[in-house]
Structures are given as C-alpha cells and as structure tokens.
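See below for the structure under consideration.
Numbering (the working numbering), first residue to last: 11 to 150.
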C-alpha cells in the first residue's frame, strides 16, 4: 500500500529573492560531461542545476566549466582549489539570488512555465534562522 499526499501542487519552485540552499545530491556522468546538482531550501523545496561540460559537437564547454568552478569554490568556501571530488559537494551550502522566468507553455499557450535561474552565488555555512528559531544544524 502506498500512502498518498494531500498536496495540491507537488511541483514547487524556489521562491524569488535571496535563498540559502543545501546541496543534497550530485550525479556526474563523465562520459557525456553532464553534472546534475540537486539543491534544497530549508523548507525542502528542491531545484536541480545541470552543468554540461561537453557541447553537442563534442567540444569542451568552457562557459559551463567556469560557472561550475565558481559554484564549487563558493560551496567549499575555498577559492584556491584546483580540483574536487564532486561527491564532497553533498551537504555544502550556497546563498544565491533566485529569479523566475515565466514563459508561455509551448503545448498550451493559456498556461505558463516557470524557469528558475540561480545567480550571484555567495558563501553560506548553513540555513539562516530567526533569532527565536533553533536551527537543527546547530544541534549537531
């Protein structure tokens, strides 16, 4: 038996504005040069960033590598790194600005699709909490 949720909209997007996100999963397919990084905010809303290090023409995608390198340096809070084990990203935090790009749905112009863009990455050491709230990470 599978219990069903009562959520009216299981597909949530990160809220606009500044967010602290934790990296919860990293999948790297080296043969195709693609990395999928799953991030989540303190409410559990997830987002996946995809980095394609190899173009469709089979060439190195320097733009993607540059963006990923900056992202990794921020996540590790160490700009002197020359290489990383991508799995060590799991559990790290980043702060970023979330922007929404709302476009008409190509299959139904009456509906829209929201694309989430993460920008302006900054170092974060954990989820920020209000003074009256206890951050569960502080208990560890």
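Built from N, CA and C at the ideal position, the CB exists for glycine as well.
Note that this is a predicted model, so its numbers are computed, not measured.
Item, Value
"Going by other Cβ atoms of all chains shown within 10 Å of its Cβ, with 16 needed for buried, is residue 85 buried or exposed?", "buried"
"What distance in whole Å lies between the Cβ atoms of residue 60 and residue 46, which are believed to be in contact at a cut-off of 8 Å?", "5 Å"
"Taking DSSP as the reference, what is the three-state secondary structure of residue 95?", "coil"
"DSSP three-state label for residue 35, please.", "strand"
"Looking at residue 105: is its Cβ nearer than 8 Å to the Cβ of residue 132?", "yes"
"Cβ of residue 96 within 8 Å of Cβ of residue 38?", "yes"
"Between residue 50 and residue 75, is the Cβ-Cβ spacing less than 8 Å?", "no"
"Tell me which residues share the same chain as residue 135 and place their Cβ nearer than 7 Å to its Cβ, disregarding the 5 neighbours each side in the sequence.", "103"
"For residue 126, report the span of its beta strand (DSSP E) as first-last.", "122 to 134"
"Rounded to a whole number of angstroms, what is the C-alpha to C-alpha distance between residue 43 and residue 72?", "12 Å"
"Which one of 126, 62, 88 and 81 has the shortest CA to CA distance from residue 22?", "126"
"Roughly how many angstroms lie between the CA atoms of residue 121 and residue 111, to the nearest whole one?", "14 Å"
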